[in-house]
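Okay, so here's the structure we're looking at.
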Amino acid sequence: MKGFYSRKLHSLLGVIPLSLFFLEHLVTNFTAVEGGTEGFYKAVAFLNGLPLVIVIEATLIWLPLFFHGVYGLYIAYQAKPNVGRYGNERNWRYTLQRISGVITFVFVIWHVWETRVQIALGNVTHEEIGGVIHDAVTNPITFAIYMISVVAASYHFANGLWSFLVSWGITVGPRAQRVSSYVCMSLFGIVSIMFIASLFAFRSIDFQVATSMIDAVKSVLI
Ligand code: HEM
Numbered sequence: 002m003k004g005f006y007s008r009k010l011h012s013l014l015g016v017i018p019l020s021l022f023f024l025e026h027l028v029t030n031f032t033a034v035e036g037g038t039e040g041f042y043k044a045v046a047f048l049n050g051l052p053l054v055i056v057i058e059a060t061l062i063w064l065p066l067f068f069h070g071v072y073g074l075y076i077a078y079q080a081k082p083n084v085g086r087y088g089n090e091r092n093w094r095y096t097l098q099r100i101s102g103v104i105t106f107v108f109v110i111w112h113v114w115e116t117r118v119q120i121a122l123g124n125v126t127h128e129e130i131g132g133v134i135h136d137a138v139t140n141p142i143t144f145a146i147y148m149i150s151v152v153a154a155s156y157h158f159a160n161g162l163w164s165f166l167v168s169w170g171i172t173v174g175p176r177a178q179r180v181s182s183y184v185c186m187s188l189f190g191i192v193s194i195m196f197i198a199s200l201f202a203f204r205s206i207d208f209q210v211a212t213s214m215i216d217a218v219k220s221v222l223i
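Add 1 to the 1-based position in the sequence shown for the numbering used here, that's all there is to it.
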């Protein structure tokens, strides 16, 4: 029983609210593909216009992310891959779940520092944040880091969902687990493609122009 409730809480938080946040974030970023700068800034303005946005962020994103990330690292270090018991494919997925978790953990710290923390420190505004992402994805090194990290986070999300369904007794038999595996791995493909498409959309010159226009207005005003 040792650690049973912490593990259950870790698993539950991975789906509610973190997977929901992950999907919301995916859709917000994808507005850059569908609606360009205008679509993206409209989505950002909508989210930041929500009442008590800071309370929503703290309770539905930061606290669950902190617990899930730190306890997840503890689980990853205790991991005992077991080829004999689970067979090759499951064993690989078990290992990849932990590797993708560690990559996502490191990425999220860096990414939140570059985006949300800089907004909180007043170094950049919500209206300029697309320009920050534009700079990151037009630099080959940070672009590669983004590509690897969004694929890792997408795998961690989709395979985590599959393992959540098993561990909460929702998919019990081998057939149910096989079907949910197809569904979750298809989800992995779709989500990865949507994130990668968003990264390419932020490479558009329009996002740079948006920041330069803000800089130009500022230089006239200040
Ligand atoms: C295409 C890839 C991505 C882009 C373009 C992107 C962009 C952004 C932007 C612009 C913000 C600041 C939003 C604002 O406050 O105005 C942000 C925040 C954040 N991102 Fe991402 N992101 C991407 C992928 C990810 C992934 C894969 C994760 C992993 C879960 C992630 C986790 C977060 C978190 C936790 C925050 C802080 C949320 C908040 O406090 O409101 N991002 N991202």
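C-beta atoms are modelled at their ideal positions from N, C-alpha and C, and glycine is treated no differently.
The C-alpha of residue 114 lies about 18 Å from the C-alpha of residue 68. DSSP, read as helix, strand or coil, puts residue 122 in coil. In this structure, the C-beta of residue 30 approaches the ligand HEM to less than 7 Å from one of its heavy atoms.
Nearest neighbour of residue 42 by Cα position, chosen from 125, 130, 99, 205, turns out to be 130. Inter-residue distance for residue 143 and residue 197 is about 14 Å (C-alpha atoms, whole angstroms).
Between the alpha carbons of residue 189 and residue 182 lies a distance of about 10 Å. In the three-state DSSP reduction, residue 169 falls in the coil class, being neither helix nor strand. Cβ contact annotation for residue 94 (same chain, cutoff 7 Å, sequence separation greater than five): 160, in chain order.
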